[in-house]
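I have placed the structure first, in the form of structure tokens, so that the comments after it can refer back to it.
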Amino acid sequence: MTEFIYLADLFGTVVFAISGALAAGRLRMDPFGVLVLAGVTAVGGGTVRDAILGATPVFWITDTTYVWLIAATATLVMLMVRCPRRLSGRWFQVADAFGLAVFTVIGAQKALAFGAEPIIAVMMGTMTGVMGGLIRDVLCREVPLVLRTEIYATACIVGGIIYTSALSLGLAAIPAALLAMAGTLLLRLIAIFYHLSLPAFALDDNK
Amino acid sequence: MTEFIYLADLFGTVVFAISGALAAGRLRMDPFGVLVLAGVTAVGGGTVRDAILGATPVFWITDTTYVWLIAATATLVMLMVRCPRRLSGRWFQVADAFGLAVFTVIGAQKALAFGAEPIIAVMMGTMTGVMGGLIRDVLCREVPLVLRTEIYATACIVGGIIYTSALSLGLAAIPAALLAMAGTLLLRLIAIFYHLSLPAFALDDNK
Amino acid sequence: MTEFIYLADLFGTVVFAISGALAAGRLRMDPFGVLVLAGVTAVGGGTVRDAILGATPVFWITDTTYVWLIAATATLVMLMVRCPRRLSGRWFQVADAFGLAVFTVIGAQKALAFGAEPIIAVMMGTMTGVMGGLIRDVLCREVPLVLRTEIYATACIVGGIIYTSALSLGLAAIPAALLAMAGTLLLRLIAIFYHLSLPAFALDDNK
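Chain order of the listed sequences is A, B and C. With this note's numbering, the residue at position 140 of the first sequence is 140, and numbering never jumps. With this note's numbering, the residue at position 103 of the second sequence is 1103, and numbering never jumps. With this note's numbering, the residue at position 90 of the third sequence is 2090, and numbering never jumps.
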């Protein structure tokens, strides 16, 4: 079972790396830029989480599988430049939602393993899910999408709350993780298919 | 007395969180964006400081008061959307100056507690004061204001120098902290009320 | 010999600090902005590296030479505002290439000293070389140059590969370091003088 979560984590890493590589391609970056954006998107969230928790050296220093996988993914995306559409359709969004769900649960788990309180576990789960894409957007000189629209981070927050609540209600770690992943995934899929967003908080300067 | 500094720290956290939430509102972010900008502005400086010093897990992981306070502040700001003016006038700038003074002294204290030299304590105090606003501006895709105008960071530097000098002259920790806070606050208030700036260093590319 | 590398490191710090101060000048920042950009460019890469490896407190906390040197450099650049051209010609690029070579080897060394695998050492060397300039560009609200053009990061990657390969082939630490520095420097100089770039990975959204 732990193995299922590890494999799901690697799958999420690949999906997030693809999304970073595509962003690099849109800005016509060179191969190093593609590598950096793939890496930052895939492991940026977990890296900041580990630095904040003091879980150093961070996870991809000790398990280099992540780094090799990102390098391979970035290379493949560059070779597939002629058919980018396959990587930006509905299916890709579903894969991204799955990665988001896994990252959220893994981040919350790690925070709890470091003795953090539930609210911190929810935050760390969310950070693991969205911080990579946020750094990617900053490097691309965009106001991060995740701060503006769509139920994306919200799905992580809900997933983290499900996970910590399930644990505190006495559920074992594995069913709690599966339940939280299912909740995050479901909420995100609903948002994708029905184009749901939270209402924006708009402050008008001229008021 | 330590309690006064803790309460002052929480007050500064609220003020900085408000300034982050307002920036999010100006960019029409969703509630998650408001939370993130409030949090980043309020504890971003202390987080980077702790990561650099190796003071991990960082302070808000172990004392969750900060996180709850930021969440409550962000929520309140969103509910008060109809009267933002109350939060951007002169009084708010004075509150912000007070927060800046507290953060500076706390940052310098923490660096000294980790055995750092005075110059590092001055840097860490300044970093605690200004780094949160700097990250906020980067997320809002602006060249950080603190790097361009006004005596803002300068007030932190002066406060840090007062603090470390007072300590090395044999003053006890608490009067030294109060003196440094007063110095930072005073300099910042003068800058606010007389619109003082340091001269810019302008390099003309065409020269 | 270790002393040569230390002196070369300080030289690279000065060169990188100059490049940061000049970027600040182009954006008409105030003296604090010049200090921050000089500092971030000079030690930003090593700071992120140390935070990721868990080598905290980071290097410039324990050896304050770096901080004093950066402050002196930033001050000098501001005083030399009337003759910026001297700092942006061919000679400055050569000095920058030398700094890049030193930073790369030092970063790779430090990763190996923390027990990391060769691929991580290559990454940490590259990160030490390019991350400072990348953060500088983000603060200046530019898509980082290093992600887009020229053989800059690529020279670091090649240098890191030379270093780790030489070590694994049984070469002693010092000749391996010199060989890797020479390789990085040479490749970078060729790129400067012949205006070499890697081909960009361009994804057209309209495709």
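Note that beta-carbon positions come from the ideal geometry of N, C-alpha and C, so glycine has one too. Keep in mind the model is a prediction, meaning the values are calculated, not measured.
(request) In the DSSP assignment, find the alpha helix (DSSP H) that holds Asp30 (chain A) and state where it starts and stops. (result) Taken as a continuous stretch (DSSP letters only), Asp30 (chain A) belongs to no alpha helix (DSSP H), as it is neither H nor E.
(request) Along the alpha helix (DSSP H) that carries Gly2129 (chain C), what are the first and last residues, could you check? (result) Note, Gly2129 (chain C): alpha helix (DSSP H), Pro2118 to Leu2139.
(request) Name, please, each residue of chain B whose Cβ falls closer than 8 Å to the Cβ of Ala200 (chain A). (result) Near Ala200 (chain A) (Cβ distances below 8 Å), the residues of chain B are Arg1028, Met1029 and Asp1030.
(message) To the nearest angstrom, how far is the alpha carbon of Val2158 (chain C) from that of Ala2101 (chain C)?
(response) Taking the straight line from one Cα to the other gives about 10 Å.
(message) Spatial neighbours of Leu1167 (chain B) within its chain, please: C-beta separation below 6 Å, excluding the five flanking residues on both sides.
(response) For Leu1167 (chain B), where only same-chain residues beyond five positions count, the Cβ hits under 6 Å are Ala1176.
(request) Kindly indicate which three-state DSSP category Phe1114 (chain B) falls into: helix, strand or coil? (result) DSSP places Phe1114 (chain B) in coil when its eight states are reduced to three.
(message) My output table needs one value for Phe201 (chain A): the three-state DSSP class, helix, strand or coil.
(response) Coil at Phe201 (chain A), not helix or strand.
(request) For the segment 116-128 of chain A and the segment 23-34 of chain A, state whether three or more C-beta atom pairs, one from each stretch, are separated by less than 8 Å. (result) No: the two stretches stay apart, fewer than three of their Cβ pairs being nearer than 8 Å.
(message) Quick check: Val193 (chain A) and Gly99 (chain A), are their CB atoms within less than 8 Å of each other?
(response) First, the residue type needs correcting, since residue 193 (chain A) is Phe and not Val in the sequence shown. Taking 8 Å as the Cβ cut-off, Phe193 (chain A) and Gly99 (chain A) do not qualify as a contacting pair.
(message) Measuring CB atoms only, is the segment 2139-2153 of chain C touching the segment 2054-2071 of chain C, in the sense that at least three cross pairs come out at less than 8 Å?
(response) No, because fewer than three Cβ pairs between the segment 2139-2153 of chain C and the segment 2054-2071 of chain C fall closer than 8 Å, the two stretches do not touch.
(message) Once DSSP output is grouped into helix, strand and coil, what is the label at Gly170 (chain A)?
(response) Per DSSP, reduced to three states, the secondary structure at Gly170 (chain A) is coil, with no helix or strand assignment.
(request) Identify, in the order they occur along the chain, each residue of the same chain with its Cβ nearer than 8 Å to the Cβ of Ala111 (chain A), setting aside the five sequence neighbours on each side. (result) Only Arg49, Leu53, Ile120, Ala121, Met123, Met124 and Gly125 meet the Cβ criterion.
(request) Mind checking which residues open and close the alpha helix (DSSP H) that includes Asp63 (chain A)? (result) From DSSP, Asp63 (chain A) is part of no alpha helix (DSSP H); its letter is neither H nor E.
(message) Can you check whether the C-beta of Met1078 (chain B) is within less than 8 Å of a C-beta belonging to chain A?
(response) For Met1078 (chain B), the answer is yes, since a Cβ of chain A falls inside 8 Å of its Cβ.
(message) Here's the rule I'm using: 16 or more other beta-carbon atoms within 10 Å means buried, otherwise exposed. How should Asp1096 (chain B) be labelled?
(response) So Asp1096 (chain B) ends up on the buried side.
(request) Over the uninterrupted alpha helix (DSSP H) stretch that includes Gly25 (chain A), give me the two end residues. (result) Run containing Gly25 (chain A): Thr2 to Arg26, per the alpha helix (DSSP H) assignment.
(message) Among C:Ala2182, C:Leu2076, C:Ile2106 and C:Gly2045, whose alpha-carbon lies nearest the alpha-carbon of Glu2003 (chain C)?
(response) With distances taken between Cα atoms, Glu2003 (chain C) lies closest to C:Ile2106.
(request) Could you confirm whether any beta carbon from chain B is found closer than 8 Å to the beta carbon of Pro144 (chain A)? (result) Residue-level contact by beta carbon holds for Pro144 (chain A) and chain B, with a gap shorter than 8 Å.
(request) Can you tell me which of the three DSSP states Met2080 (chain C) falls into? (result) Met2080 (chain C): coil per DSSP, three-state reduction.
(request) Answer yes or no: do Leu179 (chain A) and Ile162 (chain A) have a C-beta to C-beta separation smaller than 8 Å? (result) With respect to the 8 Å criterion, Leu179 (chain A) and Ile162 (chain A) are classified as neighbours on the basis of their beta carbons.
(request) Please confirm whether Gly1045 (chain B) and Val1130 (chain B) have their CB atoms less than 8 Å apart. (result) Contact check for Gly1045 (chain B) against Val1130 (chain B) passes: the beta carbons are separated by less than 8 Å.
(message) I want to verify the contact list: residues of chain A whose CB lies under 8 Å from the CB of Val1067 (chain B), in sequence order.
(response) Ordered by position in chain A, the residues that pass the 8 Å Cβ test against Val1067 (chain B) are Ile119, Ile120 and Met123.
(request) Give the straight-line distance between the Cα atoms of Ile1018 (chain B) and Ala200 (chain A), rounded to the nearest whole angstrom. (result) In this structure, the alpha-carbon of Ile1018 (chain B) lies about 17 Å from that of Ala200 (chain A).
(message) Does the distance between the C-beta of His2195 (chain C) and the nearest non-hydrogen atom of the ligand MG fall short of 7 Å?
(response) Among the components of this structure there are no ligands whatsoever, and the ligand MG is therefore not found.
(message) To the nearest angstrom, how far is the alpha carbon of Ala2024 (chain C) from that of Gln109 (chain A)?
(response) A direct Cα-Cα distance of roughly 42 Å separates Ala2024 (chain C) from Gln109 (chain A).
(request) Pick out whichever of C:Asp2009, C:Leu2007, C:Ala2008 and C:Val2034 has its Cα sitting closest to the Cα of Gly2020 (chain C). (result) Of the candidates C:Asp2009, C:Leu2007, C:Ala2008 and C:Val2034, the one whose C-alpha sits nearest the C-alpha of Gly2020 (chain C) is C:Val2034.
(message) Short of 7 Å Cβ to Cβ, which residues in the segment 2103-2119 of chain C face chain A?
(response) Here the close residues are Phe2114, Ala2116, Glu2117 and Ile2119.
(message) Residues of chain A with CB closer than 8 Å to the CB of Arg2141 (chain C), please, in chain order.
(response) Listed along chain A, the residues sitting closer than 8 Å to Arg2141 (chain C) by beta-carbon distance are Arg141.
(request) Using three-state DSSP, classify Tyr1194 (chain B) as helix, strand or coil. (result) Under the three-state reduction of DSSP, Tyr1194 (chain B) is assigned to helix.
(message) Applying the 10 Å Cβ sphere with the 16-neighbour rule, what's the burial state of Trp91 (chain A)?
(response) Label assigned to Trp91 (chain A): exposed.
(message) Taking the straight line between their C-alpha atoms, what separation do you get for Leu1079 (chain B) and Thr1073 (chain B)?
(response) Roughly 10 Å separates the two Cα atoms.
(request) Starting from the C-beta of Met2181 (chain C), find all residues in its chain whose C-beta is less than 6 Å away, skip the five residues before and the five after it, and write them out in chain order. (result) Excluding residues within five positions, the ones whose Cβ falls inside 6 Å are Ala2101 and Val2105.
(message) Please report the distance separating the alpha-carbon of Ala2042 (chain C) from that of Thr1064 (chain B).
(response) The straight-line gap separating the alpha-carbon atoms of Ala2042 (chain C) and Thr1064 (chain B) is approximately 35 Å.
(request) Compute the Euclidean distance between the alpha carbons of Leu1171 (chain B) and Gly1160 (chain B), then round it to the nearest angstrom. (result) Whole-angstrom Cα-Cα distance: 14 Å.
(request) Could you name the residues of the same chain whose beta carbon sits closer than 6 Å to that of Leu1187 (chain B), not counting the 5 residues immediately before and after it, in chain order? (result) Correct list, in chain order: Ala1155 and Val1158.
(message) My output table needs one value for Val2102 (chain C): the three-state DSSP class, helix, strand or coil.
(response) In this structure, DSSP gives Val2102 (chain C) a helical state, which the three-state scheme calls helix.
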